[in-house]
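Numbering (our numbering), first residue to last: 1 to 408.
In this text, a Cβ means the ideal position worked out from N, Cα and C, and glycines have one as well.
Worksheet: the structure to be examined is printed underneath.
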Ligand code: FES
Ligand SMILES: [Fe+2]
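Structure (structure tokens):
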């Protein structure tokens, strides 16, 4: 099921600030954050969130050289299923072949660069809408009309480039340049915190397509902290999940935040344990902190999931340009909850709750993007409840200031 939440909000964002600041000035500030491991607990410089020149560096040094989560594997379950995304402007598709193999392929035709497939669907073969070149599901070219007279043309030598991918607990990650260190070893120490949810077997019950939003991917990443329960989410999260109770753990590649529920808001499960509020039967075998909290997991730069004891949200955020993102949000359920008598109403309630708190995030994120373009915006001090932001700023700064950066 795919629901169009509403057309992407389109407002004019002035990039004046980012455009007027030389990217080398921004990089000097990032070098300081990287060198000190952000011991001063500061944000990135405001100009970093709207600089097109810095975004070009982010594309190469973060999104194309790292691991980017694109979807759940269960979103392309059967032969012929495909799903498309753009990873920082790079068209990518996931395709399930007839033999059951999942592949990540370039979604750009090998003739004259037409985007091959749109959105998602199921097909026997991949046919380019421009001149009808036809590819098999493994990406090899099956046929190309009126090309036999072209000197040196050999269809057997032509295929859509394969993109390296890894599946971690059902989440499909791609690495565009193919040169990143393997993903799974980087997540080994995250495993003990995730294992008991059993997310490997969870499936997507519903996707909300939020369209494009007028703020930078780093504004979205900054918004991953739970300090803002106090203000932006006073009417939603703060009632049950007070910001002052959160705790964050950071590793090199990942971060987690646990947001404990107030004891008086817990519901009692069939096993007699207290559980954070939800719609369905919780997963069996969770630890006490998992039963009584919601749990956020981030794998930088863009993996962001929200886990409750009975469901999860996979927030898929893709940068479109400096100051602009595309977002899709998948509601994930453990297999047993697909059989629940309240399946439809439960999913609807989860989606409604997401829309409520997302509206609150839209309100702040869109205004933050405008505010950081102010002539008066400066790097800001972070609260102890914003360890997430402290670590993310360091991680981004260190990625962008490693050897070889050059920008005019
Ligand atoms: S661009 Fe795809 S067939 Fe011509
Ligand atoms: Fe939020």
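Under the three-pair Cβ rule at 8 Å, the segment 170 to 177 does not count as touching the segment 128 to 143.
Ranked by Cα distance from residue 311, the options 401, 37, 346, 109 are led by 346. In the DSSP assignment, no residue is bridged to residue 114.
Counting other Cβ atoms within 10 Å of its Cβ, residue 344 stays below 16 and is therefore classed as exposed. A distance criterion of 7 Å places the beta-carbon of residue 31 beyond contact range of ligand 1, judged by its closest non-hydrogen atom.
According to the DSSP assignment, residue 32 belongs to the alpha helix (DSSP H) that extends over 23 to 35. Taking all protein chains in view, the Cβ of residue 178 is surrounded by fewer than 16 other Cβ atoms within 10 Å, so the residue is classified as exposed.
Within the DSSP secondary-structure output, residue 85 pairs in a beta bridge with 92. DSSP places residue 180 in the coil class of the three-state scheme, outside both helix and strand.
Here DSSP, grouped into helix, strand and coil, assigns residue 365 to helix. The beta strand (DSSP E) runs lying completely inside the segment 93 to 170 and spanning 3 residues or more are 102 to 106, 120 to 122, 141 to 143, 162 to 168, given in chain order. Put simply, the backbone Cα of residue 242 is about 20 Å away from that of residue 362. Excluding its 5 nearest sequence neighbours in each direction, residue 158 has C-beta neighbours in its own chain below 7 Å: 110, 141, listed in chain order.
Not one heavy atom of ligand 2 sits closer than 7 Å to the Cβ of residue 354. Those residues that bring their Cβ nearer than 5 Å to a heavy atom of ligand 1 are 109, 111, 112, 114, 128, 130, 131, 133. Using a cutoff of 7 Å, the CB of residue 357 counts as near ligand 2, since one of the ligand's heavy atoms is closer than that. With respect to the C-alpha of residue 153, the residue from 144, 296, 386 having the closest C-alpha is 144. Residue 307 is not a Cβ neighbour of residue 213, given a cutoff of 8 Å.
Residue 305 carries a strand assignment under DSSP once its states are collapsed to helix, strand and coil. Judged by beta-carbon spacing, residue 190 lies within the 8 Å limit of residue 254, meaning their Cβ atoms are closer than that value. Residue environment analysis places residue 28 among the exposed positions, since fewer than 16 neighbouring C-beta atoms fall within 10 angstroms of its C-beta. Proximity of the segment 82 to 92 to the segment 100 to 110 meets the contact definition, three or more beta-carbon pairs being nearer than 8 Å. Assigned with DSSP and collapsed to three states, residue 67 falls in coil, not helix or strand. In terms of Cβ geometry, residue 164 and residue 335 do not form a close pair [threshold 8 Å]. By the beta-carbon neighbour count (other beta carbons within 10 angstroms, threshold 16), residue 291 is buried.
A straight line joining the alpha-carbon of residue 217 with that of residue 355 spans about 19 Å. The beta carbon of residue 45 sits closer than 7 Å to those of 26, 29, 379, all from its chain and outside the five residues before and after it, given in chain order.
If you look at residue 395, you'll find it in the alpha helix (DSSP H) that goes 387 to 400. Each residue's CA atom was taken as its position, placing residue 272 and residue 340 some 20 Å apart. Within the same chain, Cβ atoms closer than 6 Å to the Cβ of residue 64 are found at 176, 177, the five residues on either side in sequence being excluded. In the three-state reduction of the DSSP assignment, residue 350 falls in the helix class. Of the residues assessed, residue 228 falls on the buried side of the cut-off, its CB having 16 or more other CB atoms within 10 angstroms. Collapsing the DSSP output to three states places residue 384 in a helix. A direct Cα-Cα distance of roughly 33 Å separates residue 296 from residue 97. When the alpha-carbon of residue 99 is set against those of 116, 75, 124, the nearest one is in 124. Under the DSSP assignment, residue 314 falls in the beta strand (DSSP E) whose first and last residues are 312 to 321.
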